[in-house]
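Heads up: the sequence shown at position 20 corresponds to 22 in our numbering, and the numbers run straight through without jumps. Heads up, the beta-carbon is just placed ideally off N, CA and C, and yes, glycines get one too. Just so we're clear, the structure is a prediction, and the values are computed from it rather than from any experiment. Input: a single structure, listed below in structure tokens.
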Amino acid sequence: MDQALDNRLDNRLDRKTTRHTRLLFAATAALALVLSPVLFLYEVLVGALGLVGTGLATRQHEGPVARTATVVFAGLLAGALPYLVFAALA
Numbered sequence: 003m004d005q006a007l008d009n010r011l012d013n014r015l016d017r018k019t020t021r022h023t024r025l026l027f028a029a030t031a032a033l034a035l036v037l038s039p040v041l042f043l044y045e046v047l048v049g050a051l052g053l054v055g056t057g058l059a060t061r062q063h064e065g066p067v068a069r070t071a072t073v074v075f076a077g078l079l080a081g082a083l084p085y086l087v088f089a090a091l092a
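Structure (structure tokens):
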């Protein structure tokens, strides 16, 4: 019985974490998309280097801070991608 309760609580916490992660990613990507015409190259550079850096750092210390940093850097890179595609096609 205790195991079933623990599983339900874990699922609730996972859903809350997932929702928080999605909102953080969406907010970061939207902000990067708005700022991309001005800071496009910096966003691509910081996003790519940040993803590599957090990927290397999480091999040693995985936790909520590393996950948050990964989501922020991924959002920066995702917000700059439409301008990257547009620049390649133009």
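| Beta-carbon spacing of Leu79, Val46 below 8 Å | yes
| Option in Ala82, Ala92, Ala76 with minimal Cα separation from Val36 | Ala82
| said: Can you tell me whether Phe75 is buried or exposed? The criterion is at least 16 other CB atoms within 10 Å of its CB, across all chains shown. | reply: buried
| task | Can you say whether Val87 is buried or exposed, counting buried as having 16 or more other CB atoms within 10 angstroms of its CB? | result | exposed
| task | Could you tell me whether the Cβ atoms of Gly77 and Thr19 are closer together than 8 Å? | result | no
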